[in-house]
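Shown next, in structure tokens, is the structure this report addresses.
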């Protein structure tokens, strides 16, 4: 039988507008979500308050990441994007108007929580619109382009945000961010995304509840390794990822007294390390064995330990800053590779009929430890303001214990499950 030739990839007007809207709104979001936590740290001079605000801002992501996918299937995706961007612009403009007349800490905390919930609801609508706009043959290209926009925003957002924050101040930065969301919303009005209204059925709450119940039953009774892997990634978030989120602003701006642009550069390097790890996994992931993926976590832990040792040595600020940049890049590179390896394996062994809901549940379970970790480190750095190096070394030790846990359950991966993971790379 003659094979069907691939069709022409249709990356037309509507997809281009979605992409441009993503560039504008993602940049605005990255700038604001960089600046507001830094302003909190400057305002209060308290890593404890900083940790509380950071942890609370993560909670809506866990909840709305489950709701967003359901809404994307039931509501016009263009209307979701337009409505959320207009609402975000209004939220930011109102914040800028009342910024100096209302209690700032609770005001910023509420704003960050709202931004996290909006982003978690917004993203599934964008991802679900790609197949409808580019056709079956353009899905991989469309996803790659959207992913590159996210990567670009994660690098440029903190770097440019730090420069603008140092030069213009927080209020001007809010107007710039709000303007980005407003411009994105206006442009998205003219996007045409095919939509077929579904008949009314279960409520969003009941759908999310049933999906989580079915997913947890599957993970606990049919593919227990999925639950073990989720627990490992959750602990990884609790100890390592949360340490990076809280420690960098505290060390760079409080301990070393550097301006916000230097913090922006560090966070841009972190993002670049994540991108590099993703590129390496894309091209060489098939050569990695899931049974030995704990070694990636072990290498990441070594760089965390090296940074801890550097913080304890009597070095100049410029030397410590350079070491921090290098260690952040390398630690994030290997952490990203480990996370991709684990998630790719989870996707490959999950029943395809349950893939969406199981992955959403895994994401929620993994993310739920982030608020606790950020809260914990905020108070640890408040109590021990000059012992960051010791904290880094302690966390590296905990990470090595996690490596032992990972090695134990990953060594039990069956040959047929390993073959599924290898096949998934072959399909790519």
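Numbering (the working numbering), first residue to last: 1164 to 1591. Just so it is clear, CB atoms sit at the ideal spot from N, CA and C, and this is done for glycine as well. Owing to the predicted nature of the structure, the values given are computational and were not obtained by experimental measurement.
Euclidean distance between Cα positions of residue i and residue j
{"i": "residue 1518", "j": "residue 1531", "result": "20 Å"}
{"i": "residue 1472", "j": "residue 1439", "result": "25 Å"}
{"i": "residue 1304", "j": "residue 1214", "result": "38 Å"}
{"i": "residue 1277", "j": "residue 1204", "result": "19 Å"}
{"i": "residue 1149", "j": "residue 1550", "result": "Since the first residue shown for the chain is 1164 and the last is 1591, residue 1149 is missing from the structure and cannot be characterised."}
{"i": "residue 1434", "j": "residue 1415", "result": "17 Å"}
{"i": "residue 1324", "j": "residue 1345", "result": "18 Å"}
{"i": "residue 1446", "j": "residue 1401", "result": "29 Å"}
{"i": "residue 1182", "j": "residue 1568", "result": "41 Å"}
{"i": "residue 1562", "j": "residue 1475", "result": "19 Å"}
{"i": "residue 1177", "j": "residue 1566", "result": "46 Å"}
{"i": "residue 1428", "j": "residue 1297", "result": "35 Å"}
{"i": "residue 1570", "j": "residue 1511", "result": "19 Å"}
{"i": "residue 1541", "j": "residue 1355", "result": "45 Å"}
{"i": "residue 1521", "j": "residue 1332", "result": "43 Å"}
{"i": "residue 1453", "j": "residue 1508", "result": "7 Å"}
{"i": "residue 1291", "j": "residue 1455", "result": "34 Å"}
{"i": "residue 1495", "j": "residue 1436", "result": "5 Å"}
{"i": "residue 1394", "j": "residue 1544", "result": "26 Å"}
{"i": "residue 1270", "j": "residue 1351", "result": "29 Å"}
{"i": "residue 1500", "j": "residue 1443", "result": "8 Å"}
{"i": "residue 1206", "j": "residue 1423", "result": "13 Å"}
{"i": "residue 1185", "j": "residue 1347", "result": "8 Å"}
{"i": "residue 1381", "j": "residue 1230", "result": "20 Å"}
{"i": "residue 1168", "j": "residue 1481", "result": "Unreliable placement is indicated for residue 1168, whose pLDDT of 44 sits below 50; the coordinate value is still reported in the next sentence. In a straight line, the C-alpha of residue 1168 is about 57 Å away from that of residue 1481."}
{"i": "residue 1560", "j": "residue 1460", "result": "12 Å"}
{"i": "residue 1411", "j": "residue 1358", "result": "44 Å"}
{"i": "residue 1188", "j": "residue 1267", "result": "24 Å"}
{"i": "residue 1241", "j": "residue 1368", "result": "22 Å"}
{"i": "residue 1251", "j": "residue 1336", "result": "14 Å"}
{"i": "residue 1334", "j": "residue 1525", "result": "38 Å"}
{"i": "residue 1194", "j": "residue 1342", "result": "12 Å"}
{"i": "residue 1449", "j": "residue 1211", "result": "43 Å"}
{"i": "residue 1590", "j": "residue 1202", "result": "A caution first: residue 1590 carries a pLDDT of 43, below 50, which makes its placement in the model too unreliable to give a value."}
{"i": "residue 1420", "j": "residue 1426", "result": "11 Å"}
{"i": "residue 1558", "j": "residue 1353", "result": "50 Å"}
{"i": "residue 1179", "j": "residue 1328", "result": "30 Å"}
{"i": "residue 1479", "j": "residue 1534", "result": "33 Å"}
{"i": "residue 1498", "j": "residue 1406", "result": "13 Å"}
{"i": "residue 1547", "j": "residue 1306", "result": "44 Å"}
Boundaries of the alpha helix (DSSP H) in which residue i is found, first to last residue
{"i": "residue 1196", "result": "1176-1207"}
{"i": "residue 1149", "result": "Outside the modelled stretch of the chain, which goes from 1164 to 1591, sits residue 1149, for which no answer is possible."}
{"i": "residue 1246", "result": "1240-1261"}
{"i": "residue 1419", "result": "Taken as a continuous stretch (DSSP letters only), residue 1419 belongs to no alpha helix (DSSP H), as it is neither H nor E."}
{"i": "residue 1457", "result": "1457-1475"}
{"i": "residue 1531", "result": "Segment: none, residue 1531 is in no alpha helix (DSSP H) and carries neither H nor E."}
{"i": "residue 1485", "result": "1480-1512"}
Nearest to residue i (by Cα), restricted to the options the options
{"i": "residue 1239", "options": "1369, 1259, 1288", "result": "1288"}
{"i": "residue 1374", "options": "1523, 1506, 1216", "result": "1523"}
{"i": "residue 1259", "options": "1516, 1503, 1340, 1421", "result": "1340"}
{"i": "residue 1377", "options": "1413, 1514, 1545", "result": "1514"}
{"i": "residue 1536", "options": "1178, 1423, 1396", "result": "1396"}
{"i": "residue 1247", "options": "1261, 1220, 1284, 1320", "result": "1284"}
{"i": "residue 1502", "options": "1547, 1230, 1398", "result": "1398"}
{"i": "residue 1441", "options": "1209, 1353, 1493", "result": "1493"}
{"i": "residue 1175", "options": "1295, 1209, 1187, 1257", "result": "1295"}
{"i": "residue 1505", "options": "1184, 1180, 1191, 1572", "result": "1572"}
{"i": "residue 1191", "options": "1179, 1383, 1444, 1321", "result": "1321"}
{"i": "residue 1209", "options": "1558, 1538, 1560", "result": "1538"}
{"i": "residue 1404", "options": "1201, 1200, 1218, 1186", "result": "1218"}
{"i": "residue 1326", "options": "1411, 1250, 1198, 1391", "result": "1198"}
{"i": "residue 1293", "options": "1282, 1309, 1280, 1315", "result": "1309"}
{"i": "residue 1275", "options": "1411, 1255, 1263, 1265", "result": "1255"}
{"i": "residue 1226", "options": "1200, 1179, 1280, 1201", "result": "1280"}
{"i": "residue 1552", "options": "1409, 1265, 1468", "result": "1468"}
{"i": "residue 1527", "options": "1264, 1457, 1421, 1390", "result": "1390"}
{"i": "residue 1349", "options": "1384, 1245, 1319, 1406", "result": "1245"}
{"i": "residue 1261", "options": "1488, 1497, 1314, 1338", "result": "1338"}
{"i": "residue 1430", "options": "1451, 1417, 1418, 1408", "result": "1408"}
Test: residue i CB closer than 8 Å to a CB of chain E
{"i": "residue 1393", "result": "Of the chains in the structure shown, none is chain E; there is only one protein chain."}
The ligand SAH heavy atom lying under 7 Å from the CB of residue i
{"i": "residue 1417", "result": "Of ligands this structure carries none, so the ligand SAH is not represented either."}
Checklist entry - Where in the segment 1277-1334 do unbroken runs of the alpha helix (DSSP H), each at least 4 residues long, occur, reported from the N-terminal end onward? => result 1302-1331
Item to check | Minimum length 4: unbroken alpha helix (DSSP H) runs contained in the segment 1378-1427 | outcome: 1387-1399, 1405-1412
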